[in-house]
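Only one structure is covered here, and it is reproduced in the block below.
In the working numbering, the protein residues as written are 495 to 1101.
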């Protein structure tokens, strides 16, 4: 279909077809649903007014870009969405020339737009290209957005920012009067009048400027756009995000203004799928499900690590009123939602603001509380300076609970939780440890609740590797646990979920190995490692983390410090490259990390 030439009726039919295809594929493969269904008309209107081959189309997070993928020649491939070797669930330039930038984390879009606008200006292409941004209202809770708007409002680069308001309205619409004024503000008459008025009052001194400014402010007070106008960015809205005729008209006007404009479009999450319409987090990201009932296609019988964490923290919070916590826009995903219900004055969702989450928890620690800062591994990267400057420099007892550590599966490169050990281990005053199963998780949480300094524990998405592990002992600073002692030359060292992987690997060997649960990667159990170095000369490291700066690196640093030269260390951590999307098993198989593959490598190394 030629979107540029199609009638409104044809475009509305296209929107229906797109929704049906998204629903069909996501119900089969899992993925982001409610937000991408709600953005369908917005994306069709974007493609009608702009040209994604030359105008940078920048989607914030880009989980809502499925309609864009379908429009830009990926309909036949859409069945492979989020599958290993198939389409990515986010925008990806290597996948299509219509995808301007890799996106998977929130609130980067306007900064990217400002950078693109600067490049367009330097190239002298302002008359033929304009950045087009789609950003959700949730992303507007992050400070990076306002850093970008601050510069954009000052420099006035042409840009169209579509604010997809589908959950938390920036401001309550005022009804017909607001819609009338918003439409009027987008019109050439109003824009020309505003420009000529500004030129006119400049010639009549401060008094005229004051009166004109007060009149304009009075007008803007009955529209929701005062914040953006005050930052120097024109505002149009709110508009109906499902009315194609109106959207196309407004976007065309915004494009013609040749300056930064925010178009505030209100949409319904889950539009077109009644079960999901208006729902918030539940239908944001989903696994495979039955379309007719909305029920999940299957559920794991194993208890998830997130559930274990939530239960352990609830138990501790009931015993100790000083325990508090925060998460950054993921209360259900991190299990903190139950704590927020039970203790609404002690546990908070601070929105998409990891930097703020870390620093605010540091202040609570300074005041004598015990904060649990609960964030996905991949998202703590966004608060790294605050971990260093506001927490560890002050040696404050904040607990960083890192969910989704290791391979996260279908979300892929932008979400794999592989770097936390590497970037946290380098920070003075930081202690790092990890549980291996449910019981050890409760013990690790008990240790964390009493530990008087900064610390971090990590745990995988889903459940721990299920295997027959010896009973866990209580956690003690820097102490490991020897789970199996054999007389042979081989020692398996597991960390966190890597302990289960080590055990499963040992089952595929025709010889016995000793197995050590490292527990702490900082500080290491040096006494135990010295003892092991006398008994075993071939060490194999199992940890769901980056090899560079990871667990193996920490062990090699220890051996070098102790001048132990006769121990060989082989690490089965991740190599120095970004890890693709797909089911966890498929991704691990591609990396050679399934137990039978690892056993083969061990056997070849030993013999």
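Beta carbons: idealized from backbone N, C-alpha and C, even for Gly.
What you are looking at is a predicted structure, and each value in this text was computed from that prediction instead of being measured.
Tell me, please, which residues DSSP counts as bridged to residue i.
i	result
residue 569	Residue 569 pairs with nothing; no bridge assigned.
residue 728	755
residue 838	None, per the DSSP bridge assignment.
residue 1074	Beta-bridge pairing links residue 1074 to no other residue.
residue 1068	1040
residue 1058	Note: residue 1058 sits in no beta bridge, so no partner.
residue 621	For residue 621, which the question treats as bridged, DSSP gives no partner whatsoever.
residue 952	896
residue 1033	985 and 1063
residue 1081	Answer by DSSP bridge pairing: none, since residue 1081 is not bridged.
residue 760	659 and 734
residue 783	790
residue 653	754
residue 1009	978 and 986
For residue i, is the classification buried or exposed, using 16 other Cβ atoms within 10 angstroms of its Cβ as the cut-off for buried?
i	result
residue 450	Here the chain comprises residues numbered 495 to 1101, so residue 450 is not present and cannot be evaluated.
residue 920	exposed
residue 638	buried
residue 1072	exposed
residue 891	buried
residue 975	buried
residue 936	buried
residue 828	buried
residue 470	Look at the range of the chain in this structure, 495 to 1101, and you will see that residue 470 is not part of it.
residue 839	exposed
residue 739	exposed
residue 495	exposed
residue 760	buried
residue 1013	buried
residue 1075	buried
residue 968	exposed
residue 1098	exposed
residue 821	buried
Nearest to residue i by alpha carbon, out of the options?
i	options	result
residue 779	525, 926 and 912	525
residue 611	660, 741, 563 and 551	551
residue 898	799, 884, 959 and 939	799
residue 909	890, 924 and 874	874
residue 734	614, 758, 1059 and 523	758
residue 769	1078, 790, 972 and 986	790
residue 508	872, 521, 575 and 541	541
residue 1086	1100, 1075, 522 and 1069	1069
residue 846	830, 558, 1048 and 824	824
residue 1109	606, 504 and 555	Examination of residue 1109 is not possible in this model, given that the chain is present from 495 through 1101 alone.
residue 1030	1037, 925, 1013 and 1058	1058
residue 1053	913, 1022 and 955	1022
residue 1001	1047, 1049 and 1092	1092
residue 977	988, 971, 983 and 970	988
residue 723	640, 933 and 1036	640
residue 1044	896, 953, 916 and 1009	916
residue 647	985, 763 and 754	754
residue 590	1089, 973, 1061 and 565	565
residue 1101	1019, 1005, 657 and 1090	1005
residue 913	1034, 527, 1038 and 500	1038
residue 990	979, 1009, 984 and 656	1009
residue 808	939, 600, 502 and 933	939
Kindly indicate if chain D contains any beta-carbon less than 8 Å away from that of residue i.
i	result
residue 799	In summary, chain D is missing from the structure at hand, where a single protein chain is found.
Open item on the list: I'd like the ranges of any alpha helix (DSSP H) spanning at least 4 consecutive residues and lying wholly in the region 958 to 1002.
Closed with: Given a length threshold of 4 residues, each whole run of the alpha helix (DSSP H) inside the region 958 to 1002 is given here in chain order: 992 to 1000.
Task: Start-end ranges of the alpha helix (DSSP H) lying completely within the region 551 to 612, minimum 4 residues - done: Listed in chain order, the complete alpha helix (DSSP H) runs (minimum 4 residues) inside the region 551 to 612 are 560 to 565.
- [ ] Give a yes or no on contact between the region 857 to 872 and the region 537 to 557, applying the rule of three or more CB pairs nearer than 8 Å.
- [x] Contact between the region 857 to 872 and the region 537 to 557 is absent, with fewer than three C-beta pairs closer than 8 Å.
Task: Within the region 855 to 901, ranges of the beta strand (DSSP E) (whole runs, at least 3 residues) - done: Runs found: 864 to 870 and 893 to 897.
Open item on the list: Runs of 4 residues minimum, wholly inside the region 791 to 817: which ones carry the alpha helix (DSSP H) assignment?
Closed with: Runs of the alpha helix (DSSP H) inside the region 791 to 817: 799 to 813.
- [ ] May I ask you to verify whether the region 802 to 816 touches the region 872 to 888, counting CB pairs closer than 8 Å and requiring at least 3?
- [x] Touching, no.
- [ ] Determine contact between the region 901 to 908 and the region 959 to 977, defined as no fewer than three beta-carbon pairs at a distance below 8 Å.
- [x] Contact between the region 901 to 908 and the region 959 to 977 is not established, with fewer than three Cβ pairs separated by less than 8 Å.
Open item on the list: Taking 8 Å as the cut-off, does the region 574 to 583 touch the region 617 to 624 (at least 3 CB pairs, one atom from each stretch)?
Closed with: No: the two stretches stay apart, fewer than three of their Cβ pairs being nearer than 8 Å.
- [ ] Would you mind listing the alpha helix (DSSP H) stretches within the region 497 to 523 that are 4+ residues and don't spill past its ends, in chain order?
- [x] 502 to 523, all fully within the region 497 to 523.
Open item on the list: Counting beta carbon pairs with one atom in the region 530 to 539 and one in the region 559 to 572, are three or more of them shorter than 8 Å?
Closed with: The region 559 to 572, when compared against the region 530 to 539, does touch it at the 8 Å Cβ threshold.
Open item on the list: Can you confirm whether the region 1059 to 1067 touches the region 922 to 934 when touching is taken to mean that 3 or more C-beta pairs between the two stretches lie within less than 8 Å?
Closed with: No, because fewer than three Cβ pairs between the region 922 to 934 and the region 1059 to 1067 fall closer than 8 Å, the two stretches do not touch.
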